[in-house]
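Engineer: Below is a structure I'd like to ask you about.
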Amino acid sequence: MVQERLELTFKNARELNKLIDDRLPDRLPFQRHELMMDEKVCEVYFWDILACIRGLFGDPDFAPYLIFAPEKHYADKEKQEHMYHNMHTGKWWWSTQVSYHMCVSCKVDPG
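For the sequence shown, position 46 (counting from the first letter as 1) is numbered 40 according to my numbering, and the numbering increases by one without interruption.
Next comes the structure, spelled out in structure tokens:
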């Protein structure tokens, strides 16, 4: 049976919705602001980025997926072909980490 092969724990949409309501954490509420553009009021909805970061860093379930240090990945054994596939593998993250550590060690404000 498809349900067993996919290892689904629900049989219909009602059971799926109940699982979502009961087991998934609540999302952060959107914030709303009105902006005036060319004499027209525009509504903008967004999440508070600091609350999002607190939610990610404060939840132990996310710990295995958080990356704090840059990594270099290579496509060959000789380490000649650099692979870029996530933000932490890119040159920007490396240069940001290096400039931050240099500023901290020299007690210089990076900003």
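Note that CB positions come from ideal geometry on N, CA and C, so glycine has one too.
Tell me whether the beta-carbon of W41 lies closer than 8 Å to the beta-carbon of P64.
Structural biologist: The residue given as residue 41 occupies position 47 in the sequence shown. The residue given as residue 64 occupies position 70 in the sequence shown. Going by C-beta atoms, W41 is not nearer than 8 Å to P64.
Engineer: How about L60 and A45: do their beta carbons lie closer than 8 Å?
Structural biologist: Your numbering for residue 60 matches position 66 in the sequence shown. Your numbering for residue 45 matches position 51 in the sequence shown. Taking 8 Å as the Cβ cut-off, L60 and A45 do not qualify as a contacting pair.
Engineer: For H79 versus K66, is the C-beta distance shorter than 8 Å?
Structural biologist: Your numbering for residue 79 matches position 85 in the sequence shown. Your numbering for residue 66 matches position 72 in the sequence shown. No, these two residues do not count as a Cβ contact at 8 Å.
Engineer: Keeping to the same chain, check which residues put their C-beta closer than 8 Å to that of F24; ignore five residues upstream and five downstream.
Structural biologist: As a working mapping, residue 24 is identified with position 30 in the sequence shown. So the list reads Y39, F40, W41, once near-sequence residues are dropped.
Engineer: L22 by DSSP, collapsed to three states: which one?
Structural biologist: The residue given as residue 22 occupies position 28 in the sequence shown. If DSSP states are grouped into helix, strand and coil, L22 belongs with coil.
Engineer: Of all the beta strand (DSSP E) runs that stay within the bounds of the segment 15 to 63, which reach a length of 3 or more residues?
Structural biologist: For the segment 15 to 63, whole beta strand (DSSP E) runs of length 3 or above, ordered along the chain, are 25 to 31, 34 to 40.
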